[in-house]
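Inspection log for the structure reproduced underneath, given as structure tokens.
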Amino acid sequence: MATTSLDLARVRNIGIMAHIDAGKTTTTERILFYTGVSYKIGETHEGSATMDWMEQEQERGITITSAATTCHWPLADVDHTINIIDTPGHVDFTVEVERSLRVLDGAVTVFDGVAGVEPQSETVWRQADRYGVPRICFVNKLDRTGAEFHRCVDMISDRLGAQPLVMQLPIGAEADFRGVVDLVRMKALLWSAEATKGEMYDVVDIPDTHAEAAEEWRGKLLEAVAENDEELMELYLEGEEPTEEQLYAAIRRITIASGKASDKTVTPVFCGTAFKNKGV
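Position 35, counted from 1, in the sequence shown is what this note's numbering calls 971; the numbers after and before it change by one each time, with no gaps.
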């Protein structure tokens, strides 16, 4: 029998969790498309989502049972094997989330940019705390009327008791949402209206209209990271600007360590709109 060796150090079990209708499965479908697992983006409202394989899920447009699939990233080098676990968001199926959390190395918590932190968001967050699962957050649906990124960030802090590390700022609001400011690279990522599947975007200088806010939130990010990481604290106290690699490494250390800690969870926060293929 043929055998295949697998470097377990390069294998990750990553869960996607959220309150129902926050866009969890829609986000997962984009991940599968961008990693080459699927060649057509499935939609929950059409009953064509890859991860909603049960007939009842396809009929109702909701996730009932946890589903897993494997992808690789970076795609060109097949560097890491990532097992994606899409968990239910409905309160009636919370036990499915509990079962999945036992095997996760990390999780992406998806929030509705309009509703923010919702009841089931709090439930799955507490479950992740119980199992020491490191988390990052994705504020979704920023193209919707009433979406407010900073309100969601405040709710992550106030209602979940977490310390959010804002990694990106939205460019444009509601229907005019068109990109994000990357606060690590200090560049703007802009998606064109023609790039319907979100694969093509431009990396440009930060627009003048967002430059001041970018500098302000970049400073907050550096300060928050320095408070939680000794290596970056040394650079911060010496007045040195960390490189991108140093900052990414520090954020990674903090995120992993805080997942295992019993005190406040530190979580990076990203933003976008999965349905419009921007930010995933």
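We put the CB at the ideal spot given by N, CA and C, even for glycine. These figures come from a predicted structure and were not determined experimentally.
With 16 or more other CB atoms across the displayed protein chains lying within 10 angstroms of its CB, residue 963 is buried.
Between residue 1127 and the set 1108, 1192, 1196, the nearest pair of CA atoms involves 1108. Closest in C-alpha terms to residue 1118, from the list 1002, 1174, 1034, 1138, comes 1138.
When beta bridges are read from the DSSP output, residue 1214 appears opposite 1209. Nearest in C-alpha terms to residue 1047, of all of 1178, 1166, 956, is 956. Check the Cα spacing between residue 1201 and each of 1078, 1189, 1129: the tightest is with 1189. For residue 958, the three-state secondary structure derived from DSSP is coil. Excluding residues up to 5 positions away in sequence, 950, 1070 lie with their Cβ nearer than 6 Å to the Cβ of residue 1042 in the same chain.
CA-CA distance, residue 1074 to residue 954, rounds to 10 Å. Boundaries of the beta strand (DSSP E) harbouring residue 1006: 1003 to 1009, taken from the DSSP string. When DSSP states are grouped into helix, strand and coil, residue 1108 belongs to the coil group. In the pairwise beta carbon analysis, the stretch 963 to 974 is classified as not touching the stretch 1057 to 1070: fewer than three pairs are separated by under 8 Å. If you draw a straight line from the Cα of residue 1208 to the Cα of residue 1178, it comes to about 26 Å. At the C-beta level, residue 1085 and residue 1055 stay beyond 9 Å of one another. Put simply, the backbone Cα of residue 1141 is about 32 Å away from that of residue 1053. CA-to-CA, the gap between residue 1134 and residue 1058 works out to about 30 Å.
Around the beta-carbon of residue 944, fewer than 16 other beta-carbon atoms lie within 10 Å, marking it exposed. In the three-state scheme derived from DSSP, where H, G and I count as helix and E and B as strand, residue 1113 is classed as coil. Residues of the same chain with a CB within less than 6 Å of the CB of residue 1098, apart from the 5 flanking positions on each side, are 1092, 1201, 1203 in chain order. Residue environment analysis places residue 1145 among the exposed positions, since fewer than 16 neighbouring C-beta atoms fall within 10 angstroms of its C-beta. For residue 1090, the enclosing alpha helix (DSSP H) stretches over residues 1085 to 1096.
Residue state for residue 1196 is assigned as helix, using DSSP reduced to three classes. With contacts defined by Cβ atoms closer than 9 Å, residue 1192 and residue 1101 do not form a contacting pair. Taking the Cβ atoms as the reference, residue 1210 lies roughly 20 Å from residue 1019, outside the contact range of under 8 Å. The Cβ atoms of residue 1183 and residue 1120 sit closer than 9 Å to each other. Cβ-Cβ distances below 7 Å link residue 1078 to 1049, 1085, 1106, 1113, 1207, 1208, 1209 in the same chain, with the five nearest sequence neighbours on each side left out; the list follows chain order. Between the alpha carbons of residue 961 and residue 1051 lies a distance of about 17 Å.
One thing to note: residue 973 has its Cβ within 9 Å of the Cβ of residue 1006.
Sorting 1002, 1008, 975, 1004 by C-alpha distance to the C-alpha of residue 947 places 1008 at the top.
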